[in-house]
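K.L.:
Have a look at this one before I ask anything.
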Amino acid sequence: MKNEKSVFTANDFCKYLKHYGVRITLSQATDLLRSSNIIFPLINDQFITRAGAFTNKYFSFKPSKEEVEKGYFLIGHRGMPFVNPEVNPDSFEVYSGNGESILLPESVTFSMNLAMDVFALFGEGYVLPYILNDSANKKISLSSVQYNLPSQVTLTAWPISKLKGGNNFTYGDRILCRVIDWDSSSISMSVLKNESQNMAISKASIERENWYSAFEEGLLREFDKHGPMNSIEEQLALLFLENQESLIIKNCGSCEEFLKHTNKIAFSSFGVESRIWKNGEDVPYVGSWNKDFNKELIITEVGTTFSPSIVDAYLLDFISKEKNKDNTNEDFENLFDKVVPSIIKMNRQERELILLNMKKRHDILKKSYNQFNDYKVAPLRSRILTLFFDVTNLLCDIASSGIKVIEFPQQELVVLTQLFSHTARLLEEVVDFPIKDQIPIEELSLSLEGMEETFDGIKGILIIELEKNRRKGFEIIS
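Okay, here's the thing in structure tokens:
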């Protein structure tokens with residue numbers, strides 16, 4: 010369904026799932042579609058996938074002087090948001106012209122400064138992992154750059170001269186791109202010459218200036234309507250969807266050029282991440298787009314984040330600390346209270362059912378558990394669980410306090426919610442890693458250490474605010 014290119018309804022989605030033997034109500038289907046990050050809701054209860062929105066659509070970028078001098082271009086964030094966000098830039102399929110011939114990538118050394126610029130839209134905290142996890146980079150690991158960045162890095166790049174019209178490429182020329190296949194991130198590319206070299210103001214230059222104006226106006230509307238979204242990529246995806254006629258044209262600019270062109274929008278810190286936002290303003294957690302935000306949304310997020318992998322993490326930690334004894338029902342009751350936050354309300358029957366399933370899953374995991382293979386992983390997993398538990402508890406305390414979310418320090422609250430999702434993702438990565446003895450323990454430990462330090466830096470501020478607001482609810486009677 011993710012490659013469906015036509016507009017469809019929730020009812021169509023139900024029929025699609027039914028064909029594969031999956032039964033789902035119309036309401037469940039609608040909720041599932043609206044929660045997906047690769048499907049856009051449209052008017053009249055219709056939907057379109059990203060593949061449907063961006064296949065055969067144009068975008069372009071202008072290679073830097075360094076790329077032109079070397080004769081190779083990087084992709085980095087430049088395909089954003091037109092390509093599949095799950096495909097790494099070094100794995101894109103690049104074709105010349107209208108798909109006549111495929112361009113084979115090569116390993117090319119660039120300055121780290123250029124790499125940081127070309128991957129910037131992935132956001133703070135993700136730029137270096139994207140750069141250093143490039144398949145062409147064999148020498149530099151993420152754990153080795155904790156304090157000092159190298160001046161150069163080897164990355165996957167494509168030869169400019171092999172592009173249609175690329176023989177006489179000069180700085181100022183552009184590369185025009187069209188998405189051929191969204192799922193695999195296949196793109197056809199050709200050269201768009203810089204006509205302004207031969208005339209004062211070209212038609213293309215005027216259209217591009219209009220594009221920058223439309224881009225800026227569209228983003229400012231998006232900020233007020235939707236807020237900071239879950240990522241820069243998601244922000245741009247919605248922007249291009251809602252402004253297709255003015256932004257998806259051949260004589261377009263690029264987001265990286267726009268950010269050098271505007272003084273109204275810039276990169277801004279958003280907790281431990283970054284967003285593009287109104288220049289000079291902090292990105293708030295609560296704003297005009299979610300002014301009715303309440304604790305129920307936090308409770309929902311906490312409940313939906315507890316995936317089977319996270320439950321397995323708790324069970325594996327439990328198993329690794331067992332002392333060859335038969336566990337009592339009380340042991341499992343205590344484990345249940347750690348796994349399921351108290352803020353998630355359930356009756357005794359529901360609790361007993363989940364407890365029974367946990368016991369069954371425990372027995373399955375214990376049969377295949379290998380203490381030798383788990384020797385290095387167990388301490389890391391235990392540390393992640395400790396942080397995840399502490400973050401979850403504080404988030405639940407805030408949600409159950411009855412205090413309006415707007416009353417809390419916004420940036421610290423943003424950081425807390427991000428730590429919640431980041432630690433959950435880290436747990437899933439450790440549990441689901443296909444080959445246990447190849448888990449990058451050092452890199453994950455470094456990432457965890459940063460999260461622990463960040464939590465230590467914000468928890469006191471949030472707890473003080475929590476207690477202060479709680480005291481406001483009590484009136485002293487003399």
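All letters in the sequence shown, in the order written, are residues 10 to 487 by the numbering used here.
From the three backbone atoms N, C-alpha and C, an ideal C-beta is built for every residue, glycine too.
Remember, predicted model here, so these are calculated numbers, not experimental data.
(1) Below 8 Å, how does it come out for the stretch 39-51 and the stretch 222-229: are there three or more Cβ pairs, yes or no?
(2) Using only the alpha-carbon positions, how far apart do serine 391 and leucine 453 sit?
(3) Drop a sphere of 10 angstroms on the beta-carbon of tyrosine 180, count the other beta-carbons inside from all chains shown, and report buried for 16 or more, exposed for fewer.
(4) Take valine 117 as the anchor and find which of Ile393, Phe22, Ile84 and Thr426 has the nearest alpha-carbon.
(5) Which partner residues does tryptophan 167 have in the DSSP bridge list?
(6) Going by CA-CA distance only, name the one from Gly175, Ser240, Phe327 and Ser329 that's closest to threonine 282.
(7) Out of Phe131, Thr163 and Ser318, which has the shortest C-alpha to C-alpha gap to aspartate 143?
(8) In its own chain, which residues sit with a C-beta less than 6 Å from the C-beta of alanine 387, not counting the 5 before and 5 after it?
(9) Does DSSP classify methionine 367 as helix, strand or coil?
(10) Just curious, the beta strand (DSSP E) that isoleucine 111 is in, first and last residue?
(11) Rounded to a whole number of angstroms, what is the C-alpha to C-alpha distance between aspartate 372 and leucine 344?
(12) Is the stretch 262-270 close to the stretch 101-113, with three or more CB pairs under 8 Å?
(13) Roughly how many angstroms separate the alpha carbons of proline 418 and glutamate 474, rounded to a whole number?
(14) Whole angstroms is fine: what's the gap from glutamine 37's alpha carbon to leucine 374's?
(15) Just how far apart, CA to CA, sit phenylalanine 17 and methionine 10?
(16) Can you tell which of Leu250, Ile140 and Glu458 has the C-alpha that lies nearest to the C-alpha of phenylalanine 56?
(17) Could you pull the start and end residues of the alpha helix (DSSP H) that glutamine 419 belongs to?
(18) Please determine if the stretch 278-292 and the stretch 127-138 are in contact, where contact requires at least 3 C-beta pairs separated by less than 8 Å.
(19) Would DSSP call arginine 230 helix, strand or coil?
(20) Helix, strand or coil for cysteine 261 per DSSP?
(21) When DSSP labels each residue in this structure, what does leucine 389 get in the three-state scheme?
(22) Isoleucine 472: buried (16+ other C-beta within 10 angstroms of its C-beta) or exposed?
(23) List the DSSP bridge partners of glutamine 201.
(24) What residues in its chain sit with their C-beta under 6 Å from that of threonine 271, if we drop five residues either side in the sequence?
(25) Assuming tyrosine 139 is part of the alpha helix (DSSP H), what are its boundary residues?
(26) Taking the beta carbon of glutamate 76 as the centre, do at least 16 other beta carbons fall within 10 Å, making it buried, or is it exposed?
(27) Using beta-carbon positions only, say whether aspartate 192 and alanine 408 come within less than 8 Å of one another.
(28) Note down the Cα distance separating valine 320 from cysteine 405, rounded to an integer number of angstroms.
(29) With distances taken from CA atoms, which of His86, Asp54 and Ser15 is nearest threonine 64?
(30) Taking a contact to mean a Cβ-Cβ separation below 8 Å, would you say tryptophan 167 touches histidine 235 in this structure?
(31) According to the neighbour-count rule (16 or more other Cβ atoms, all chains shown, within 10 Å of its Cβ), is serine 69 buried or exposed?
(32) In this structure, how does DSSP classify asparagine 20 when only helix, strand and coil are distinguished?
(33) With a 10 Å radius around its C-beta and 16 neighbouring C-beta atoms as the bar for buried, classify isoleucine 8 as buried or exposed.
(34) Does DSSP put glutamate 290 in a helix, in a strand, or in coil?
(35) At the level of alpha carbons, what is the spacing between glycine 469 and serine 277?
(36) Based on Cα-Cα distance, which residue from Ser377, Asn379, Asp383 and His431 lies nearest to valine 400?
P.N.:
According to the data block:
(1) no
(2) 13 Å
(3) exposed
(4) Ile84
(5) Phe82
(6) First, the residue type needs correcting, since residue 282 is glutamate and not threonine in the sequence shown. For the residues Gly175, Ser240, Phe327 and Ser329, the minimum Cα distance to glutamate 282 belongs to Ser240.
(7) Thr163
(8) Ser329
(9) helix
(10) 110-112
(11) 14 Å
(12) no
(13) 8 Å
(14) 31 Å
(15) 10 Å
(16) Leu250
(17) 419-441
(18) yes
(19) helix
(20) coil
(21) helix
(22) exposed
(23) Glutamine is not the amino acid found at residue 201; the sequence shown has leucine there. Looking at the DSSP assignment, leucine 201 forms a beta bridge with Arg183.
(24) Glu225
(25) 136-141
(26) buried
(27) no
(28) 18 Å
(29) Ser15
(30) no
(31) buried
(32) helix
(33) The structure shown does not extend to residue 8, since the chain is modelled only from 10 to 487, so the question has no answer here.
(34) coil
(35) 24 Å
(36) His431
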